[in-house]
Every structure is written in structure tokens, then in C-alpha cells.
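Working notes for the structure below.
Protein chains in written order, with my numbering: chain V, 278 to 750; chain G, 278 to 750; chain Z, 278 to 750.
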């Protein structure tokens with residue numbers, strides 16, 4: 278029987294070359310005491326607000342909420358219903374969690390060579406102490422092992438926070454969130470640092486489904502009656518101030534493209550009035566999003582919140598899955614992305630501003646060397662975020678380093694963030710990044726591109742300093 | 278004098294690292310007994326229908342019909358006439374095959390580091406027993422060697438089929454093909470498995486040169502009078518049924534872009550009538566191709582033929598060469614390709630269908646990680662074909678693995694196909710794929726990403742299982 | 278204290294694998310006696326015309342004129358004024374060169390892993406004899422060392438030309454240049470070969486700022502009154518003839534896109550007249566540039582000048598920096614580029630011409646394997662220039678080899694050019710190319726793709742032969 282730790286060796290993911298592997302291991306070991314900095318992700322703050330929060334069953338923790346996992350099973354013809362993924366209409370889905378786990382274990386080969394496979398193996402071993410390689414044969418035994426751990430008080434989110442050695446963890450919260458959970462954490466006796474992030478997508482993107490309801494929520498939380506474009510801006514500024522008071526360091530924005538362009542006030546008002554009347558056109562939404570990115574940048578230059586921009590995900594590509602199961606079901610597909618022309622208006626206006634930081638994330642790797650690195654290697658405000666989503670993988674990280682750093686330099690990047698809602702996978706994700714970083718810098722060292730003194734400083738920056746500094750943490 | 282086998286070593290094409298090379302060699306050796314599965318290619322079925330088929334001279338076999346070879350010579354200023362490539366007007370070209378061979382041999386350095394160079398070297402050695410490195414000096418001697426072999430009965434296509442250990446070989450046949458050669462093979466005493474593939478490009482792409490003649494042939498072979506869009510569809514369905522009866526497992530479609538969109542019946546009829554009258558516009562052809570891809574997918578869900586789609590070759594870029602020598606003269610050039618938006622209508626309609634398989638091939642590698650892998654890692658119907666054409670090379674295969682598998686997983690790919698009309702190069706092409714596969718999986722193994730048990734299973738899937746399963750062979 | 282030569286080892290930049298490194302070192306050593314061929318760059322011919330030319334201070338030589346250096350410092354918030362970069366309005370900037378040098382040295386970590394960092398380290402060591410790693414602590418001492426060298430007669434440009442073992446160096450000169458410096462060099466007793474290159478961008482791109490002034494200069498230097506399109510062409514042909522007489526081997530053209538299309542004479546005339554009247558539109562400029570590329574190709578087929586085309590730099594992206602400091606301040610950003618369709622008209626007209634050579638340079642690496650290699654692997658006239666600008670780096674060169682050669686073959690590339698205005702960095706830049714070439718070819722050798730005989734020939738071609746032959750030097 279294959280045990281996991283047989284291949285979870287100390288030098289895993291490093292280059293096979295002996296000299297590089299040796300340096301990589303030393304560099305990696307130097308990061309041992311550095312805590313995890315998590316400046317961007319989607320962990321639910323309720324995990325930390327409720328001191329008795331429980332993750333539920335292994336299946337509830339690891340399969341049902343994880344679209345990385347169930348998209349792959351679905352791609353091989355396994356129905357989402359059979360995996361317990363809740364239907365939008367509340368219709369029946371599999372409720373036997375052991376049965377779902379069994380399906381998953383019998384298909385574990387699908388994850389060979391994937392980041393999901395790597396994270397899961399590491400998580401099962403390092404967090405839950407599983408010693409065997411998961412398979413159909415031992416599925417129920419391993420289910421029992423994880424289940425027992427999950428029922429122990431040591432596996433509460435707060436205890437794991439300490440065990441994971443997390444220094445700070447930022448959540449992502451809609452602009453209309455009351456931040457009650459953050460406030461509960463803050464006023465509790467617990468000392469973990471859980472900070473909110475201001476994400477206004479569902480109010481600034483006027484083609485959001487049920488947009489008018491989100492505007493109503495904005496009115497309620499801001500106390501500003503949103504009757505026109507001016508009061509809309511006022512309400513947003515009010516909410517940003519509230520997030521700042523509650524510890525926020527950053528905002529986050531998603532857009533299909535990186536298009537930016539300031540509208541005249543009259544034009545903005547006209548489009549906004551159409552939105553209020555429910556007569557938004559596609560072009561309206563496109564222009565308004567491009568305009569609001571300008572406005573968000575302007576506000577950041579004033580209130581100091583770091584601006585994050587995630588570009589290029591075509592959401593809900595599979596309309597049938599969207600209708601039956603809703604969003605975030607593994608059917609968001611990247612598109613080709615353009616930055617040079619699209620961001621020019623924003624960078625012209627704010628790119629030279631000394632108090633502004635814009636972090637770019639995207640899913641089109643062709644922009645790394647061609648556009649992002651040249652832009653970040655010039656504009657003071659611009660930083661390149663770590664490889665996002667599908668590219669947060671061993672090869673994705675290598676391509677990022679190889680294509681970004683020569684032109685942008687290391688110090689125009691933003692370090693790592695795990696961007697996950699799967700809390701117990703956080704150590705595994707940071708570990709992959711740290712190993713990939715150590716291996717890449719070791720590659721520079723053994724090829725005489727940087728010396729060892731620089732190498733230690735670079736891996737520390739990648740693992741810790743850059744994230745802290747870029748996000749003002 | 279350099280002998281070929283000096284550098285045709287057992288561990289060729291593997292990573293130089295000793296530990297990876299060792300694992301790669303073991304994995305590669307495990308594939309030794311697996312036959313070749315050839316689900317897509319362009320070998321002429323006449324080779325097998327005629328038990329006495331002869332390949333002609335070395336030049337007729339290896340140079341005159343191979344646009345991979347003569348395009349490179351042409352790019353260095355050698356006239357196609359001097360290489361014996363037939364002119365469209367039947368005008369004079371070089372007929373001295375020894376002279377052509379000499380030109381080729383004197384320019385063999387042009388192929389250094391190219392897949393053509395690798396295949397040819399391997400083919401000369403493994404198939405024809407050539408021991409020396411080809412050069413201007415030994416050109417005629419090697420010509421004699423190959424020529425002698427070609428005259429021996431051991432070098433007939435049927436004998437080579439057995440020697441090559443081919444399990445099944447699919448050809449590519451126009452929708453109007455009578456399949457007489459396939460029928461002759463089937464009714465002969467020979468047991469080789471040569472299957473037709475339904476390729477309707479010249480009837481569904483209404484901008485095909487002499488389209489109306491192809492429609493006439495469609496009428497004749499189907500027995501359906503094609504007078505309107507409805508009878509056109511009926512004729513196609515008739516032909517698909519005929520191909521199925523004759524053993525076909527798949528269809529194949531070429532399009533400049535991946536655009537798909539269903540037309541209304543009236544709209545389809547209007548465009549079809551313009552085509553019948555010879556008044557097709559460019560937009561008509563674009564829309565009709567996009568529509569017919571939908572129809573072909575629909576038919577596949579009904580008759581079970583696997584659908585192959587090859588996208589992104591700008592055909593006959595060099596109009597002067599096209600006028601003088603016709604198509605397939607090395608002047609097809611790739612263009613940038615988009616799938617996410619283009620395929621959405623087809624995937625919305627059929628992408629979740631349990632009985633549908635769509636295999637995508639394309640020439641724009643930027644789509645691997647950005648679009649194809651995320652799509653195939655979600656939609657049950659979608660599989661990613663192996664690297665196509667210019668990318669069927671050592672680096673091309675490596676990039677494919679590195680950019681596709683992390684997101685799509687191995688099991689959403691379609692294994693290998695050689696896609697060649699150069700029959701005796703088939704073993705060399707599969708060997709490059711198997712070596713590249715073994716080396717890539719060995720890289721995962723020595724970096725602790727997969728264990729050896731998984732590794733053996735993965736290389737077998739790549740060499741054999743995936744192709745058989747995806748094409749229902 | 279770290280000394281530079283500790284890590285400037287003989288086998289730097291080579292793969293860590295022992296077997297590959299050994300072969301790479303042998304291949305690299307074989308290039309030792311080959312002089313540097315510099316067919317394209319931006320060194321000022323005045324350096325060689327004036328036998329007493331002095332480079333000024335270390336800061337004047339290495340920082341103030343080098344946008345590779347100051348863009349990176351600017352990206353981290355250091356004002357260009359503080360780096361002594363002259364303002365367009367002549368306003369005050371830092372004049373204390375030691376202070377500027379100190380800022381640079383204290384931020385030297387920004388260049389870790391960048392080509393600028395590599396070149397600079399090598400240049401300081403190999404050209405100026407600096408033994409220590411530059412830092413804030415030793416900045417002034419190293420300044421003194423360089424300064425002393427720069428004051429010695431051994432560091433005049435002509436002496437360095439010999440020490441660098443340069444065989445020929447081509448400059449880049451506007452179409453209206455009098456070539457007085459080239460003539461002065463030619464009529465001097467010095468034997469260096471400094472050749473002009475004809476670059477007509479500011480007269481053929483009618484949207485050039487102050488275009489009409491450049492036309493006036495064109496009239497003056499050509500002696501042709503430019504009153505219409507016909508006389509414009511005549512003036513250009515006149516200037517090309519003048520450049521030819523003065524030793525030019527090539528022309529050079531920059532365009533935002535690769536769009537080419539011949540206008541009718543009437544259309545060309547109409548646009549040209551609008552340009553003369555100062556009423557050019559954006560579309561006019563786009564069409565006229567596309568037309569003039571056709572004309573330049575036509576002239577090259579007649580006068581034999583090799584045509585270079587640099588595509589895809591969005592110039593002066595940061596309008597604020599452009600207003601304050603002018604062009605070439607590190608704010609040129611690449612855009613996605615298309616060649617297959619764009620170049621078709623030009624290649625249709627001249628791509629098969631036996632006496633025409635077109636060398637393509639671009640900043641969008643996705644075109645390497647997709648478009649450039651297939652085009653160059655077919656059209657006799659086409660050659661692919663070396664990796665340009667941001668991609669002239671260790672990873673950039675590796676990607677270029679891996680993505681270009683398999684399809685284009687080595688012999689459809691144009692060797693190396695340093696493309697620099699930083700004269701003393703020339704040996705370092707060629708050395709990086711030679712090392713990367715040797716390492717790449719060694720990789721082919723140890724993987725059994727080429728044998729050693731071929732390998733020696735290939736590295737020589739890359740270092741020397743291809744550049745000489747492509748540019749007729």
C-alpha cells in the first residue's frame with residue numbers, strides 16, 4: 278500500500294538537478310518561521326466569528342463547496358446532483374456524504390498532475406494526518422479519519438489559524454456587507470487578524486442580476502438615498518469609509534475586460550438613470566464599469582485603500598449549469614485580455630500618483646511578458662498580482678516568474694495570495710508557492726544570475742515581505 | 278563518418294538529468310508491447326486496397342509529396358520545380374529523382390532541431406536500415422539503400438502495417454467518397470483495420486472552390502437530389518449513415534475560426550439558395566460554416582460519430598504558390614484563435630450531452646491554458662486533441678502537457694494521433710510522442726507530483742488508452 | 278564582502294545539469310575568437326567620428342541616458358528629476374552625479390534577475406574592472422574606479438571597438454541625416470567599420486510630430502522639392518541611393534502594427550496632400566504607413582537594401598512623462614500583434630522575390646510559433662530577427678529558440694543584434710546571447726536531437742554567420 282509520506286518528500290516540486298535542489302531546499306528552509314500573510318481570499322468571516330463553528334462532514338468541507346473538485350468530476354460525466362451540489366430550485370441531490378466521498382475517491386486519478394490533486398494530498402496529510410494515498414478501497418476509512426478530526430475542538434477555525442501560523446487573513450465582502458462578523462471577531466477575546474476587503478462589483482456593474490436590490494441594500498447600509506449618480510458616489514464613499522474603520526486595507530474589482538474611461542458627469546448620470554429604470558444596455562454596462570474603475574482609482578488615491586482588479590473571466594459560460602445550480606460551479610472560462618490600451622486612461626490619470634497602488638490579476642498569461650511586466654516596470658502605482666486561479670499551479674507559477682520578473686523586476690510584484698474559500702487548504706497553497714519560489718530562485722543561483730545573499734532576500738520577499746508591503750499590512 | 282545510431286541512443290529526447298532520464302526510460306520501456314492506435318491521419322486507403330502497392334522511388338516517397346520537407350527547402354530559395362513538385366498547369370519540373378535527392382541531402386542542415394529532421398532520421402534508420410548520417414557526400418549511396426528496400430515485398434504497406442504493430446488506422450475521406458478502397462480492404466483476406474472518417478468540408482463550407490461540383494457528387498453518392506437546405510441535410514445524414522456502415526468512428530471538420538451559431542431554417546435556406554446560384558458572400562460562408570458545425574454536432578449526438586474540429590489554419594497564404602502548384606504546399610499559416618465565446622453556442626446546445634464527444638485541435642498555443650483546458654475541464658463532451666501540425670514536435674508536446682494538464686487533467690485529452698499522409702513516418706511520430714510523454718511523466722515523478730504507480734498508468738493512457746477510448750476504437 | 282567574479286563564473290547562465298553544462302562550455306569556448314557583428318543598433322556615430330570623444334561621468338554613461346535603468350527606478354517611485362534625466366522644458370534636475378549614482382546603487386536590488394542587472398554587472402567587471410558587487414556602501418568607491426577608467430585614453434570609443442573585437446557596427450540614422458559623421462569616420466585614418474542604416478519613419482509615418490519639418494529636411498538633403506506623392510517617392514529613392522553610397526546595408530522601419538496594403542496612386546496622392554496641409558486623420562496615417570511598407574519593400578527589391586521591420590511598440594504610453602521628459606523614457610509598452618493577415622499583401626507582392634530580405638522584429642512572443650515561424654519557414658524573403666527589447670534576456674532568448682526553430686529552422690533566423698545605444702554594454706549583450714545559444718544547442722545535443730558536429734556549426738551560425746549573411750556584411 279502506498280503511503281502518502283513516501284512521496285511527500287522534503288524536496289518535492291523542486292528541480293531534479295542535484296545542485297539546484299540542494300539550494301532550493303536551503304532557501305525553502307529559511308522560510309520556515311515566517312507566518313502566512315493572506316491579503317486576498319474568500320474565506321467566510323463567520324468561521325472566526327463563531328467560536329464553535331464546525332466544518333461539517335469531510336464531504337461538506339472538501340467536495341460540495343469546492344468547484345475546483347466537482348468541475349473535474351463533472352467533466353467526466355458525473356452529475357453534480359450525485360456530488361451533493363445544491364440545486365437552485367432546491368430539488369433533490371445526493372445527501373449520503375459517504376457515497377459522494379466514495380465517488381470522489383474512485384475518481385481521484387482525474388486529479389493526477391493538477392494543483393487540486395497536490396493541495397488535497399498535502400491537506401489530507403498535513404492537516405488531517407492521513408497516511409495513505411486515497412483510493413476507492415480505503416475511501417471510507419479515510420473518511421472516518423477526517424471525520425474524527427473534524428469533530429475535535431483542535432479543528433475549529435480559530436485553532437487552525439494558530440496552527441497554520443497565519444499573521445493576517447483578508448476576506449472579500451460586498452460593499453453592502455454590515456461587517457457584523459468582522460466586528461464580532463474584533464470584539465471577541467480572540468487575537469487573530471481577520472480584515473474585510475471592499476468589493477463593490479454588484480453595485481458598480483449595473484448589469485448585475487437584481488442590481489436594483491443591491492442598490493436598495495447600499496442605501497440601507499450607507500444611509501444615503503441613491504437617487505442619482507451623485508448620491509451613488511456618495512454612498513460608495515460612505516461605505517469605503519466604513520470598511521476603512523473596520524480595518525480594510527484594500528478594495529477588489531472584477532471586470533470582463535480592463536477597459537477604463539472616464540465619462541462626463543452628464544453621461545454617467547444618464548446611464549445611471551437608465552439603470553435605475555431597469556433599461557440598461559450592454560454598452561451602458563460596459564461604459565459604466567470602465568468609468569467606475571476610474572472612480573474607484575480616484576477614491577483610492579484619496580482614502581489609501583489598495584485597489585485590486587481581476588480581469589478576464591467569462592462567468593457562467595455553461596448556461597444550463599447556471600440555471601440549475603447558480604454561479605461558481607466551475608464554468609467560468611478565461612478570455613484573451615488587453616491591458617496596454619485599455620488601462621491607458623486610468624494609468625494616465627492615476628498611474629504616477631505616489632499614494633496609489635493598483636494590483637492586476639488576470640487569466641491570460643500572454644499579457645505577462647507583453648503588457649503587464651512592461652507596464653509595472655514603469656508606472657509607480659502598478660503591481661502585478663500572483664498567478665490567478667487556473668494559473669496558481671506549479672507550471673503557472675514558473676511561467677509567471679519566467680515571464681514577469683525579467684522585465685518588471687521582483688519588486689513590482691505583489692507576493693502571494695491564496696484566493697481561496699477552502700480554509701484548510703491555505704497552508705498547502707502557500708507551501709506550493711514557497712517551494713516554487715525557492716526552486717525558481719535556486720535556478721537563478723545555480724546559473725550565476727543572482728548570488729546567495731540576494732537569493733535569501735528574494736525568497737523572503739516572495740513569501741512574506743512583498744504581500745505585507747503591497748497591501749500595507 | 279558519423280553513424281546515425283551513435284546518436285539514436287535509447288534515451289534520446291529525454292531530459293539530461295540522470296534521475297529523470299532513468300525513470301523516463303523505464304516508463305518508455307513499459308510501452309514497448311503496446312500497438313499503435315492511429316485515430317486520425319491522411320494515409321491514402323489505396324495503399325492497403327492494392328496488395329501490390331509500391332511507394333515508387335525514395336524521392337517520390339520522402340520528398341515530392343511532403344510539404345514539411347519542401348517548404349523548408351523553398352524558404353531557402355530552392356524552386357519547387359527543382360524538387361519535382363508537380364505544377365498545376367502540368368508544366369515541366371525536375372524528373373531526375375536522384376538529382377532532387379542530392380539537393381535535399383545537401384540541404385539537410387536546414388532541418389537541424391526540427392521535427393521533420395527527427396522523424397526523417399529515425400525513419401531512415403528504423404524503417405530503411407540506414408546507418409550513416411545523410412549528407413551531400415553519401416546521398417546517392419543512401420538513395421540506393423532505400424530504393425532497394427522499397428523494391429522488396431517486405432516494404433509493401435500491408436507488411437509495414439504489421440511490422441509497425443498498428444492496431445487500427447483511420448483515414449480521412451470526403452463526404453462524397455465511395456469508400457471503394459475501404460470496402461476492397463474489408464473484403465480482402467487481409468486483417469488490418471483501416472477505417473474511414475467522414476470529412477464534409479467541401480460540401481458544408483460553401484466558399485469551397487467548385488462547391489457546386491461537390492454538391493453534384495453529394496447528390497450522386499447519396500441518391501438525394503439537393504435542391505434546398507432540407508435535402509442538403511438529408512443527403513449529409515445519408516452519407517454519415519453510409520460511413521457508419523463502413524466502419525467510421527468519427528467525423529472531421531476544418532474551419533478558419535471556431536465560430537458557431539445556429540441559423541433559423543429560413544435563414545439557412547436563403548443562404549443555401551444563394552450558394553446554389555453561385556452568389557455566396559464571405560459573410561454567408563462564415564455564417565453557414567458556423568451553423569453547419571451546430572448541425573454536425575447535432576447529428577453526432579444522434580449517430581454517435583465522434584466530432585473532430587481543426588481550427589485556425591489560414592490556407593494557401595502564398596497566392597503565387599497556390600496558383601502555380603495548388604493547395605497543401607507548405608503555405609498554410611496559423612492565425613490567433615478564440616474559443617470561449619465562439620464555441621459557447623455549440624457547447625450550450627450539446628456540451629452537456631452524455632453521448633457526444635467533440636475533439637478540438639488548433640494552432641494557437643495561447644488557447645491551451647487560457648481557453649481549451651478550462652473548457653475541457655468542465656464540459657463533459659469536450660476533449661482536447663494532441664498538439665497539431667507545427668506543434669507536433671518535442672517542444673510543442675512539452676508546452677501542451679505543461680499548459681493543458683494542470684487545468685484539464687490528463688483524462689480530458691484525446692491521446693495522440695499522427696495526422697500524417699507519410700505512412701512510413703508513423704512509427705517515428707508515435708515514438709516521439711511516447712518519449713516526450715514518458716519524459717514529462719518522469720518529470721512529475723522525480724518532482725514528487727505523481728508516484729510511480731500513477732506514472733505507469735499515465736504513460737499507458739497517453740500512448741494507448743486515451744486514443745482508443747475517445748474514438749470508441 | 279562579495280566579489281563580483283565569485284559569481285561571474287565561466288559557466289554562468291548554463292543549465293545546472295552537469296552533462297549539458299559541459300557541452301555548453303565547449304560550444305561557447307569555440308566562439309572565443311569570433312568577432313562581434315553588430316548589424317542593428319543605436320550607437321551614435323559621433324563616438325567614432327571624434328577621436329577624442331569622452332563618455333563623461335559614470336552617471337552620464339550608465340544612468341542618465343539608459344531608459345532600461347531609470348524606468349525601473351521610476352517604477353519604484355524615484356522621480357526622474359532626481360536621476361538627472363533632462364526635462365523637456367529645461368527645468369532643474371539633479372546635477373550631482375555622485376548623488377544620482379548613490380541612489381542607483383542603493384536600489385540595485387531592483388535589478389535582481391533582470392537583463393539590465395546582468396549586463397551591468399558584466400560591464401562593470403569586464404569593461405571597468407570592478408571587483409565588488411555594487412551596493413550603497415561601496416557606491417562612491419566604485420564611482421571613482423569607473424571615473425578613473427573613463428578618463429583614460431584606453432576608454433575612447435575607437436579603442437574599445439578594438440578591445441571589444443567588433444568587426445562591423447551599423448548605426449540607425451534618419452532618412453534626412455547628412456551622414457557627416459559616417460563620412461568623417463570613413464575619411465579618417467581609423468579602420469573601424471561603422472555603417473549607416475536608412476530609417477525613414479519620421480517622413481513615411483505622416484502622423485509624426487512636426488512631420489512637415491522632416492519633409493523640409495528631406496527636401497534639403499535630397500535636393501527634391503516634395504510637392505506631391507511622386508516627388509516624395511523620388512526624394513526617398515534619392516536618399517536610399519545616398520545611404521547606399523555611404524555603405525548602408527539595410528533600412529529600418531517601425532510601425533505600431535504589421536498592416537500592409539498598397540494604395541492606388543490617386544489615393545496615395547490624396548492622403549499625401551492632406552498630410553502636406555496638416556489635415557491628416559488617424560486612418561490616413563494607418564493606411565499610408567501600410568502603403569509605404571509596400572513601397573519600401575519594392576525599393577529593397579530594386580536597390581538590395583535589407584528591410585528591417587519593428588512592430589508592436591505603443592510609444593509614449595505615459596503622456597505625463599512624455600510631456601515632461603520627451604520620448605524614450607521607458608514608457609513604450611507592447612501590444613498584441615498580428616502578422617498572418619497583415620503581411621499577406623506585402624508577402625504576396627515580394628515574399629517570393631529572390632533579391633529581397635525582410636527581417637521581422639516584434640514584442641508579442643505569441644507570434645513566434647503561431648505566425649512568424651510558419652511564415653519564415655515558407656517565404657524565401659522572410660527572416661526572423663532576434664528577440665527584441667524586453668525579450669532580449671535569458672528567458673526571452675530561450676523562449677525564442679524553443680518556439681521559433683522547430684518550425685522556421687535555424688537558417689531562417691537573422692542571428693543576433695544588440696540594438697543598443699549603450700556602447701560599452703555591447704560585449705555583455707553578445708555574451709549573454711552566445712551563452713544562451715551554446716546552452717540551448719547543448720540541450721539539443723545531450724538530448725540526442727543534434728550531434729556535436731552540427732552543434733558546433735549551429736552555435737557559430739548563431740554567433741556570427743547568420744548576422745553576416747542576412748545583412749550582406
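Quick reminder that beta carbons are idealized off the backbone N, C-alpha and C, glycines included.
Predicted model only: the values in this text are computed from it and were never measured.
Next on the checklist: Please state whether the Cβ-Cβ distance between residue 316/Z and residue 713/Z is less than 8 Å.
Outcome noted: Taking the first residue of the third chain as 1, we reach residue 316/Z at position 39. Taking the first residue of the third chain as 1, we reach residue 713/Z at position 436. Result no, Cβ atoms of residue 316/Z and residue 713/Z do not sit closer than 8 Å.
Next on the checklist: Measuring only the C-alpha atoms, how far is residue 324/V from residue 600/Z?
Outcome noted: By one-based count along the first chain, residue 324/V stands at place 47. By one-based count along the third chain, residue 600/Z stands at place 323. Spanning the two alpha carbons is a distance of roughly 52 Å.
Checklist entry - To the nearest whole angstrom, what separates the beta carbons of residue 582/V and residue 525/V, a pair I think is in contact under 8 Å? => result Locating residue 582/V in the first chain gives position 305, where the first residue counts as 1. Locating residue 525/V in the first chain gives position 248, where the first residue counts as 1. That pair is a contact at about 6 Å.
Checklist entry - Do you know whose CA, among 392/Z, 407/Z and 416/Z, lies nearest residue 381/Z's CA? => result Mapped onto the third chain, residue 381/Z falls at position 104. The shortest C-alpha separation from residue 381/Z is found at 416/Z.
Item to check | Reduced DSSP category for residue 509/V - H, G, I as helix; E, B as strand; rest coil | outcome: Working through the first chain from its first residue, we reach residue 509/V at position 232. It is helical.
Checklist entry - Can you tell which of 568/Z, 502/Z, 550/Z and 522/Z has the C-alpha that lies nearest to the C-alpha of residue 530/Z? => result Reading the third chain from its first residue, position 253 is the one you call residue 530/Z. Nearest option by C-alpha distance: 568/Z.
Checklist entry - Is the CB of residue 678/V under 8 Å away from at least one CB in chain G? => result Mapped onto the first chain, residue 678/V falls at position 401. No - not a single Cβ of chain G is within 8 Å of the one on residue 678/V.
Next on the checklist: What does DSSP give as the partner residue(s) for residue 237/Z in the beta ladder?
Outcome noted: Residue 237/Z cannot be examined here, being either before or after the span of chain Z that is shown, 278 to 750.
Checklist entry - How would you call residue 550/G, buried or exposed, if buried means at least 16 neighbouring beta carbons within 10 angstroms? => result Working through the second chain from its first residue, we reach residue 550/G at position 273. Around the beta carbon of residue 550/G, a 10 Å sphere encloses fewer than 16 other beta carbons of the protein chains shown; the residue is thus reported as exposed.
Checklist entry - By the criterion of Cβ-Cβ separation under 8 Å, what are the contact partners of residue 662/V in chain G? => result For the purposes of this step, residue 662/V is taken as the residue at position 385 of the first chain. Correct list: empty, because the minimum Cβ distance to chain G is about 17 Å.
Next on the checklist: List, from N- to C-terminal side, the alpha helix (DSSP H) runs of 4 residues or more that fit wholly inside the segment 370 to 401 of chain G.
Outcome noted: 374 to 383
Checklist entry - Listing by chain order, which chain Z residues have their CB less than 7 Å from the CB of residue 354/G? => result For the purposes of this step, residue 354/G is taken as the residue at position 77 of the second chain. Per Cβ cutoff of 7 Å: 631 and 657.
Checklist entry - What span of residues does the beta strand (DSSP E) with residue 556/Z cover, start to end? => result Stepping through the third chain from its first residue, residue 556/Z is reached at position 279. Segment: none, residue 556/Z is in no beta strand (DSSP E) and carries neither H nor E.
Checklist entry - Can the beta-carbon of residue 476/Z be found less than 8 Å from the beta-carbon of residue 450/Z? => result Residue mapping note: residue 476/Z aligns to position 199 of the third chain, counting from 1. Residue mapping note: residue 450/Z aligns to position 173 of the third chain, counting from 1. Closer than 8 Å, so yes.
Next on the checklist: Looking at chain Z, is there any beta carbon in it that lies within less than 8 Å of the beta carbon of residue 548/V?
Outcome noted: Here residue 548/V refers to the residue found at position 271 of the first chain. Residue 548/V does not count as touching chain Z.
Checklist entry - Does the beta-carbon distance from residue 651/G to residue 395/V come in below 8 Å? => result Sequence index remark: in the second chain, residue 651/G carries index 374 (1-based). Sequence index remark: in the first chain, residue 395/V carries index 118 (1-based). Going by C-beta atoms, residue 651/G is not nearer than 8 Å to residue 395/V.
Checklist entry - Name the chain G residues that come within less than 9 Å of residue 643/V, Cβ to Cβ? => result Reading the first chain from its first residue, position 366 is the one you call residue 643/V. Within 9 Å Cβ-Cβ: 643 and 647.
Checklist entry - Using the C-alpha atoms, what's the distance from residue 386/G back to residue 731/Z? => result Position 454 of the third chain, counted from the first residue, corresponds to residue 731/Z. Position 109 of the second chain, counted from the first residue, corresponds to residue 386/G. Near 8 Å, if we compare the C-alpha coordinates of residue 386/G and residue 731/Z.
Item to check | Cross-strand partners of residue 752/V (DSSP beta bridge) | outcome: Because residue 752/V is not part of the residues shown, which for chain V are 278 to 750, the question remains open.
Checklist entry - Could you give the residue range of the alpha helix (DSSP H) that holds residue 626/V? => result Position 349 of the first chain, counted from the start, is the residue given in the question as residue 626/V. Here the alpha helix (DSSP H) through residue 626/V covers 621 to 627.
Item to check | Assigned secondary structure, residue 278/G (DSSP; H/G/I helix, E/B strand, else coil) | outcome: Reading the second chain from its first residue, position 1 is the one you call residue 278/G. Low confidence applies here, because residue 278/G scores a pLDDT of 46, under 50, leaving its location unreliable; read the following figure in that light. Collapsing the DSSP output to three states places residue 278/G in coil.
Checklist entry - Is the shortest distance between the beta-carbon of residue 289/Z and the beta-carbons of chain V less than 8 Å? => result Within the third chain, the letter at position 12 stands for residue 289/Z. For residue 289/Z, the answer is yes, since a Cβ of chain V falls inside 8 Å of its Cβ.
Checklist entry - Buried or exposed: which applies to residue 278/G, given that a residue is buried once 16 or more other Cβ atoms fall within 10 Å of its Cβ? => result Reading the second chain from its first residue, position 1 is the one you call residue 278/G. Confidence at residue 278/G is low in this model, with a pLDDT of 46, below 50, so its placement is unreliable and the value that follows should be read with caution. It is exposed - the Cβ of residue 278/G has fewer than 16 other Cβ atoms within 10 Å.
Next on the checklist: Which residues in chain G have a C-beta closer than 7 Å to the C-beta of residue 687/Z? List them in chain order.
Outcome noted: In the third chain, counting from the first residue as 1, residue 687/Z sits at position 410. Under the 7 Å cutoff, chain G gives 389 and 390.
Item to check | Alpha-carbon spacing of residue 447/Z relative to residue 728/G, whole angstroms | outcome: Within the third chain, numbered from 1, the residue matching residue 447/Z stands at position 170. Within the second chain, numbered from 1, the residue matching residue 728/G stands at position 451. If you draw a straight line from the Cα of residue 447/Z to the Cα of residue 728/G, it is about 55 Å long.
Checklist entry - Given a threshold of 16 other Cβ atoms within 10 Å of its Cβ, counted over all protein chains shown, does residue 400/G qualify as buried or as exposed? => result Residue mapping note: residue 400/G aligns to position 123 of the second chain, counting from 1. It is buried - the Cβ of residue 400/G has at least 16 other Cβ atoms within 10 Å.
Checklist entry - Buried or exposed: which applies to residue 490/G, given that a residue is buried once 16 or more other Cβ atoms fall within 10 Å of its Cβ? => result By 1-based counting over the second chain, the position of residue 490/G is 213. Exposed, by the Cβ-count rule.
Item to check | residue 651/Z at chain V interface by Cβ criterion, 8 Å | outcome: Working through the third chain from its first residue, we reach residue 651/Z at position 374. Judged by the 8 Å Cβ criterion, residue 651/Z is not in contact with chain V.
Checklist entry - Got a sec: is the Cβ-Cβ distance from residue 563/V to anything in chain G below 8 Å? => result By 1-based counting over the first chain, the position of residue 563/V is 286. By this cut-off, residue 563/V is not an interface position.
Next on the checklist: Would residue 278/Z pass as an interface residue toward chain G - the criterion being a Cβ-Cβ separation below 8 Å?
Outcome noted: Position 1 of the third chain holds residue 278/Z. Note that residue 278/Z has pLDDT 45, beneath the 50 cutoff, so the model's placement of it is unreliable and no number is given.
Item to check | Residues of the segment 720 to 746 of chain G whose Cβ lies closer than 8 Å to any Cβ of chain V, in chain order | outcome: 720, 721, 723, 724, 725, 726, 727, 728, 730, 731, 734 and 735
Checklist entry - Excluding sequence positions up to five away, which residues of its chain have a Cβ less than 6 Å from the Cβ of residue 312/G? => result For the purposes of this step, residue 312/G is taken as the residue at position 35 of the second chain. Counting only Cβ-Cβ distances below 6 Å, and skipping sequence neighbours, we find 442 and 444.
Checklist entry - If we ignore side chains and look at the alpha-carbon of each, how far apart do residue 326/V and residue 337/V end up? => result For this step, residue 326/V is matched to residue 49 along the first chain. For this step, residue 337/V is matched to residue 60 along the first chain. Those two C-alpha atoms are separated by around 20 Å.
Next on the checklist: Going by DSSP in three states, residue 455/G sits in which element: helix, strand or coil?
Outcome noted: As a working note, residue 455/G is residue 178 in the second chain. Coil.
Next on the checklist: For residue 294/G, count the other beta carbons within 10 Å of its own beta carbon; 16 or more makes it buried, fewer makes it exposed. Which is it?
Outcome noted: As a first step, residue 294/G must be located in the second chain, where it is residue number 17. Per the 10 Å Cβ criterion, buried.
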